[in-house]
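Take a look at the structure below.
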Amino acid sequence: MSPAPTGLAAELSVHHDIWGWYDFSGRPHPDVYRHNAPRLAAAIKELSSVLGLPPEPGEPTYFGSATPDGLATPDAYDDGMGPDLTSRL
Numbered sequence: 020m021s022p023a024p025t026g027l028a029a030e031l032s033v034h035h036d037i038w039g040w041y042d043f044s045g046r047p048h049p050d051v052y053r054h055n056a057p058r059l060a061a062a063i064k065e066l067s068s069v070l071g072l073p074p075e076p077g078e079p080t081y082f083g084s085a086t087p088d089g090l091a092t093p094d095a096y097d098d099g100m101g102p103d104l105t106s107r108l
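Residue numbering for the sequence shown follows the working numbering, starting at 20 and increasing by one per position.
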């Protein structure tokens, strides 16, 4: 939280693969995603409600891209896997 002169601001960061469709190795984990993605969306919605402002997704990183309600799902490769991000862990 930041009490900036323009008003309150908050930054929400996630640091684990449980919020996305793929794990850091690129393997889909739909059960983990279905359990956790709604929790992230609810947290974003609550934070937006408290601040009275819609979310503004930040810049994409090597690990993913934010959306107004969670994380974007990268396109699958031909083998059904996602990007392998383990080289930067």
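Where a beta carbon is used, it is the ideal one built from N, C-alpha and C, also for glycine. Quick caveat: nothing in here was measured; it's all calculated off a predicted structure.
- For SER44, the CB contacts under 7 Å within the same chain, skipping 5 residues up- and downstream, are ASP103, THR105 in chain order.
- If you look at ALA60, you'll find it isn't in any beta strand (DSSP E); it sits in the alpha helix (DSSP H) that goes 49 to 70.
- Secondary structure note for LEU27: its beta strand (DSSP E) is the uninterrupted segment 26 to 28.
- Setting aside the 5 residues that flank it on each side, LEU108 is surrounded in the same chain by PHE43, each with a C-beta closer than 7 Å to its C-beta; the list follows chain order.
- In this structure ALA95 touches GLY101 by the C-beta definition: roughly 6 Å separates them, less than 8 Å.
- Annotated three-state conformation of THR80 is strand, per DSSP.
- Remark: C-beta atoms of PRO47 and GLY83 do not approach each other more closely than 9 Å.
- Just measuring C-alpha positions, the residue of GLU30, LEU27, TYR52 sitting nearest GLY39 is TYR52.
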